[in-house]
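Take the sequence shown: its position 42, counting from 1, is numbered 46 in the numbering used here, and each next residue is one higher. A short worksheet on the structure shown next.
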Amino acid sequence: ITAATCPATNYSEFFSNQCPNAYSYAYDDKRGTFTCSGGPNYAINFCP
């Protein structure tokens with residue numbers, strides 16, 4: 005499946021117009037994907 009074979013539909017475009025920052029279909033990366041500035045600072049703790 006590619007962006008060419010799975011394009012936006014009228015439904016996803018309607019949703020995008022109502023919620024412009026939401027991810028509305030499989031290849032909506034420009035609108036729904038974002039990154040935060042700065043590097044990650046994670047602490048992962050494993051419990052026994």
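Heads up, the beta-carbon is just placed ideally off N, CA and C, and yes, glycines get one too. What you are looking at is a predicted structure, and each value in this text was computed from that prediction instead of being measured.
For Tyr31, no alpha helix (DSSP H) encloses it, and the DSSP letter there is neither H nor E.
For Asn45, no alpha helix (DSSP H) encloses it, and the DSSP letter there is neither H nor E.
For Ser20, the three-state secondary structure derived from DSSP is helix. Between the alpha carbons of Ile5 and Pro11 lies a distance of about 10 angstroms.
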